[in-house]
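Student: Per this note's numbering: the sequence shown = residues 37 to 273. One structure, as structure tokens, below. Some questions next.
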Amino acid sequence: MQTRYLTILAALTLAACGKGSSDAAKADSLQRDLAMAPADSSAALNDRAADRPSTPRPPAPRPASALAAGTEFVGSALDSITSRRNKAGETMRMTVSADVKDAQGRTVIPAGSVVALRIDVLAPAENDNDKTGKLQLTPTSVQIGGQSYAISATVDSIKYSIVGRGVTAGDAAKVGAGAVAGGVAGRVIGGNRRGTVVGAVVGAAAGAAVASNTNDRDVVIRPGNYMRIRLSGAFSR
């Protein structure tokens, strides 16, 4: 009986050992299969390049500063001109009094910039009915920091004077001619010395009146005179 019990126990032990060996073999095979399983190519890789120093990006370009058409700015004349000496086609200058800024508050034309103006029309007042003479200036360029920029603008306002010339040499010649004509007329009409004297006096008076009526009064701009410019087109630099 005891012998049979020992035989059964031995059989059970062997069975248990066989099962354990089988389970261990299965586990080992599974582990090898997992180790040999193909990698999932769809999985995200976590590879990282070595840290590199970052390259600074260049600053974004600033939008160009511009003044819109209709912008006004003021200044003062740098040069003097007069209809007695100057003529159309010549140039005068003005200096800008204060910074001219765009809508964002950026200075486009700094104070002290110099505007060149072409003289288009310049003529004196030629009679008593002409109170202003003729004057027309056109801004053509502005110099900023040593560089010249074309400008499209008009002179909106300018201070100038009308100055009488007085009796010029030409006017004196007219007076003299009138006196001579009066003297000749007096001699012809009067026929005597008294008539000649009267005629000469009348002729002189007539000559003076001619000189007064033709005495030109000049248009004059002096340094420092106020000027106001209005842009007729956009300006940028």
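Ideal Cβ positions, reconstructed from N, Cα and C, are used throughout, including at glycine.
Consult DSSP for residue 111 and reduce its assignment to one of helix, strand or coil.
Tutor: For the purposes of this step, residue 111 is taken as the residue at position 75 of the sequence shown. Residue 111: strand per DSSP, three-state reduction.
Student: In its own chain, which residues sit with a C-beta less than 6 Å from the C-beta of residue 258, not counting the 5 before and 5 after it?
Tutor: Locating residue 258 in the sequence shown gives position 222, counting from the first residue. Taken in chain order, the residues that qualify are 116.
Student: From the DSSP output, read off the bridge partner residues of residue 170.
Tutor: Position 134 of the sequence shown, counted from the start, is the residue given in the question as residue 170. Beta-bridge pairing links residue 170 to 159.
Student: With a 10 Å radius around its C-beta and 16 neighbouring C-beta atoms as the bar for buried, classify residue 93 as buried or exposed.
Tutor: Along the sequence shown, one-based indexing puts residue 93 at 57. Exposed, by the Cβ-count rule.
Student: Determine the extent of the beta strand (DSSP E) in which residue 193 is found, giving its start and end residues.
Tutor: By one-based count along the sequence shown, residue 193 stands at place 157. Looking at the DSSP string, the run of the beta strand (DSSP E) that includes residue 193 is 189 to 194.
Student: Give the C-beta separation of residue 198 and residue 273 to the nearest angstrom, bearing in mind that I take them to be a contact with Cβ-Cβ under 8 Å.
Tutor: If you number the sequence shown from 1, residue 198 lands on position 162. If you number the sequence shown from 1, residue 273 lands on position 237. With 8 Å as the limit, residue 198 and residue 273 do not qualify as a contact, their Cβ atoms being about 37 Å apart.
Student: In its own chain, which residues sit with a C-beta less than 8 Å from the C-beta of residue 248, not counting the 5 before and 5 after it?
Tutor: Walking along the sequence shown from the start, residue 248 turns up at place 212. Its pLDDT being 46, under 50, residue 248 is placed unreliably in this model, and the coordinates cannot settle the point.
Student: I need the straight-line Cα distance from residue 270 to residue 153, nearest angstrom please.
Tutor: If you number the sequence shown from 1, residue 270 lands on position 234. If you number the sequence shown from 1, residue 153 lands on position 117. If you take the alpha carbons of residue 270 and residue 153, they lie about 18 Å apart.
Student: Where residue 156 and residue 181 are concerned, what is the direct C-alpha to C-alpha distance, given to the nearest angstrom?
Tutor: Residue 156 sits at position 120 when you count from the first residue of the sequence shown. Residue 181 sits at position 145 when you count from the first residue of the sequence shown. Distance between the alpha carbons of residue 156 and residue 181 is about 27 Å.
Student: According to DSSP, residue 254 sits in a beta bridge with which residue or residues?
Tutor: Walking along the sequence shown from the start, residue 254 turns up at place 218. BP columns for residue 254 point to 199.
Student: Provide the residue span of the beta strand (DSSP E) that contains residue 186, from first to last.
Tutor: Mapped onto the sequence shown, residue 186 falls at position 150. Residues 183 to 186.
Student: In this structure, how does DSSP classify residue 137 when only helix, strand and coil are distinguished?
Tutor: Residue numbering aside, residue 137 sits at position 101 when the sequence shown is read from its first letter. In this structure, residue 137 counts as strand in the three-state DSSP scheme.
Student: Considering only the beta carbon of each residue, do residue 255 and residue 112 sit closer than 8 Å?
Tutor: The residue labelled residue 255 in the question sits at position 219 within the sequence shown. The residue labelled residue 112 in the question sits at position 76 within the sequence shown. No; because the gap between Cβ atoms is not below 8 Å, this pair is not in contact.
Student: Between the alpha carbons of residue 173 and residue 102, how many angstroms are there, rounded?
Tutor: In the sequence shown, counting from the first residue as 1, residue 173 sits at position 137. In the sequence shown, counting from the first residue as 1, residue 102 sits at position 66. Roughly 24 Å separates the two Cα atoms.
Student: On the CB-based measure, 16 or more other CB atoms within 10 Å of its CB, does residue 107 come out buried or exposed?
Tutor: The residue you call residue 107 lines up with position 71 of the sequence shown. Label assigned to residue 107: buried.
Student: Between 140, 91, 110 and 136, which has its C-alpha nearest residue 260's C-alpha?
Tutor: Position 224 of the sequence shown holds residue 260. Among 140, 91, 110 and 136, the Cα nearest to that of residue 260 belongs to 110.
Student: Would DSSP call residue 94 helix, strand or coil?
Tutor: Counting from one through the sequence shown, the residue named residue 94 turns up at place 58. Of the three classes helix, strand and coil, the one that applies to residue 94 here is coil, per DSSP.
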